[in-house]
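In this note's numbering, the protein residues as written are 315 to 823. Don't be surprised by glycine CBs; every beta carbon is placed ideally from N, CA and C. Computed from a predicted model, the values in this text were never measured in an experiment. Input: a single structure, listed below in structure tokens.
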């Protein structure tokens, strides 16, 4: 019987390996390991050559690694005690190639060939030796017992496996899947923590919003909103020109409430910054930092002072024509400057503030051809309110479709007896529906009135019902937008400088 020593002697066409001097005295398991290693690198010389020449692509200081030269040295120094250690080092080389380069790299393809041949040779070993070379055994040797769950050994199979992946590839995929699962779980926990923090934050905001509406937003303010016709008038202009004012979107609820806190609102600051800028500056308005209240108030005082100075010397008609605004401004204020001092603007009523804002819009349109042309290109039907009909008292109901991207607004124009030349300012406007609940209540109130078909009230009720049914499909959007507008005003009220620390809100007990 030929000895193991004779079987491993190098032949001329094979790679010469350092031969351990004490080879014959080493355990049989180690001798099997040396023969396995010797045959493997000689049969797969190309793969071994590529791996030896590109060690920097899979060996690094941050991972446990082995090289073929280290295996040679281990044999010479008698480091190995059994075949498990030899196979473990070979698998470690192959595994590091996969880890560092992925499964599709050209080095990984050579490593895969090497692993396939290795597994074939392991399958031919005696059962006792083969059990020492299983993937489970090498994992235990490397202190990675947790990877053995679900791993099959390298025993002979009655049927060939259909998978194209090698055992180490499968093990790495299982490890990657476990890591991905752990990371997914970690991200899910983080998401839950963020959601919980967001929920707590929202609860604090909603608590403060209730207090804000009860203590800051007075009934007098709500009445002003209800009967101020300038609000929808100016709101329509701002909606149609919001791009020129640096506004990504226009929330009408926010505009209504912000009109009472103009010195603290970011929305109002953006509007006045744009309107008080030149046509050239307005082209890059989105890159301009909005003026603080003290800054735009000073600019407004200077501009309004010029208007009334010209009006006092040359007359209201000349001033209105020169600057480009409606002369009805002087019917409201007279010829005296309404804001001679820094504090004067905030002391004006809501309708007076909005009248000045409307005049600023008209002046901007007069002096900015691009803005004027943009407004002119908007179809006239989109620049007007929608008349819904009349009730029995000849009161007219108007809907503003311009705001229905975020809000619902239906106004009632009360019929006024008198001359047919009655001006718009003398007409009484009343906000009668500002959300789906109030609109639904109004529809129900008309339903309770028995009227014959084709009557004005019946037609109005049918129109309101159709409008309600159409808007009802967007109830959630309207609710979110309405709440968002209120929260924005409240946050600007407490943090006029743009701070957003929820913990700084003065929550009441």
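Using only alpha-carbon positions, find the residue among the options that is nearest to residue i.
{"i": "residue 636", "options": "681, 614, 664", "result": "681"}
{"i": "residue 692", "options": "554, 708, 437", "result": "554"}
{"i": "residue 603", "options": "679, 619, 585", "result": "585"}
{"i": "residue 406", "options": "428, 599, 391, 395", "result": "428"}
{"i": "residue 533", "options": "499, 517, 496, 574", "result": "574"}
{"i": "residue 621", "options": "633, 611, 567, 613", "result": "633"}
{"i": "residue 727", "options": "781, 581, 745", "result": "745"}
{"i": "residue 805", "options": "527, 511, 368, 672", "result": "527"}
{"i": "residue 383", "options": "351, 414, 357", "result": "351"}
{"i": "residue 707", "options": "515, 689, 502, 731", "result": "731"}
{"i": "residue 595", "options": "623, 607, 558, 576", "result": "558"}
{"i": "residue 683", "options": "607, 623, 593, 355", "result": "593"}
Who pairs with residue i in a beta bridge, going by DSSP?
{"i": "residue 701", "result": "712"}
{"i": "residue 744", "result": "726"}
Indicate whether residue i and residue j have their beta-carbon atoms separated by less than 7 Å.
{"i": "residue 609", "j": "residue 639", "result": "no"}
{"i": "residue 774", "j": "residue 699", "result": "no"}
{"i": "residue 381", "j": "residue 451", "result": "no"}
{"i": "residue 361", "j": "residue 419", "result": "no"}
{"i": "residue 542", "j": "residue 664", "result": "yes"}
{"i": "residue 587", "j": "residue 563", "result": "no"}
{"i": "residue 807", "j": "residue 667", "result": "no"}
{"i": "residue 551", "j": "residue 803", "result": "no"}
{"i": "residue 653", "j": "residue 615", "result": "yes"}
{"i": "residue 630", "j": "residue 641", "result": "yes"}
{"i": "residue 412", "j": "residue 486", "result": "yes"}
{"i": "residue 560", "j": "residue 600", "result": "yes"}
{"i": "residue 589", "j": "residue 674", "result": "yes"}
{"i": "residue 566", "j": "residue 717", "result": "yes"}
{"i": "residue 431", "j": "residue 358", "result": "yes"}
{"i": "residue 755", "j": "residue 724", "result": "no"}
{"i": "residue 672", "j": "residue 531", "result": "no"}
{"i": "residue 447", "j": "residue 455", "result": "no"}
{"i": "residue 611", "j": "residue 659", "result": "yes"}
What's the C-alpha gap between residue i and residue j?
{"i": "residue 753", "j": "residue 537", "result": "18 Å"}
{"i": "residue 545", "j": "residue 494", "result": "55 Å"}
{"i": "residue 695", "j": "residue 504", "result": "49 Å"}
{"i": "residue 790", "j": "residue 722", "result": "13 Å"}
{"i": "residue 597", "j": "residue 661", "result": "32 Å"}
{"i": "residue 783", "j": "residue 757", "result": "11 Å"}
{"i": "residue 353", "j": "residue 390", "result": "17 Å"}
{"i": "residue 416", "j": "residue 395", "result": "32 Å"}
{"i": "residue 713", "j": "residue 798", "result": "22 Å"}
{"i": "residue 438", "j": "residue 402", "result": "18 Å"}
{"i": "residue 685", "j": "residue 795", "result": "27 Å"}
{"i": "residue 517", "j": "residue 800", "result": "15 Å"}
{"i": "residue 739", "j": "residue 569", "result": "Here residue 739 scores only 45 on pLDDT, less than 50, and its place in the model is too uncertain to base an answer on."}
{"i": "residue 613", "j": "residue 524", "result": "35 Å"}
{"i": "residue 770", "j": "residue 583", "result": "44 Å"}
{"i": "residue 400", "j": "residue 506", "result": "47 Å"}
{"i": "residue 404", "j": "residue 489", "result": "19 Å"}
{"i": "residue 492", "j": "residue 498", "result": "10 Å"}
{"i": "residue 340", "j": "residue 421", "result": "34 Å"}
{"i": "residue 393", "j": "residue 449", "result": "21 Å"}
{"i": "residue 670", "j": "residue 521", "result": "35 Å"}
{"i": "residue 366", "j": "residue 496", "result": "35 Å"}
{"i": "residue 679", "j": "residue 511", "result": "46 Å"}
{"i": "residue 743", "j": "residue 792", "result": "23 Å"}
{"i": "residue 776", "j": "residue 761", "result": "9 Å"}
{"i": "residue 657", "j": "residue 619", "result": "15 Å"}
{"i": "residue 363", "j": "residue 414", "result": "18 Å"}
{"i": "residue 720", "j": "residue 780", "result": "19 Å"}
{"i": "residue 556", "j": "residue 500", "result": "43 Å"}
{"i": "residue 535", "j": "residue 514", "result": "30 Å"}
{"i": "residue 386", "j": "residue 426", "result": "21 Å"}
{"i": "residue 445", "j": "residue 349", "result": "17 Å"}
{"i": "residue 788", "j": "residue 809", "result": "31 Å"}
Comparing the C-beta of residue i with each C-beta of chain D, is any distance below 7 Å?
{"i": "residue 532", "result": "Reference to chain D is not applicable here, since this structure consists of a single protein chain."}
With residue i and residue j assumed to form a contact (beta carbons below 8 Å), what rounded beta-carbon distance in angstroms separates them?
{"i": "residue 443", "j": "residue 338", "result": "So it is not a contact: roughly 18 Å between Cβ atoms."}
{"i": "residue 409", "j": "residue 480", "result": "Incorrect: roughly 10 Å between the Cβ atoms, too far for contact."}
{"i": "residue 778", "j": "residue 750", "result": "In fact, because the Cβ distance is near 12 Å, the residues do not count as touching under 8 Å."}
{"i": "residue 644", "j": "residue 625", "result": "6 Å"}
Looking at residue i and the ligand GTP, is the gap between the Cβ and the nearest heavy atom below 6 Å?
{"i": "residue 608", "result": "As presented, the structure is devoid of all ligands, the ligand GTP included, so that no description of it is given."}
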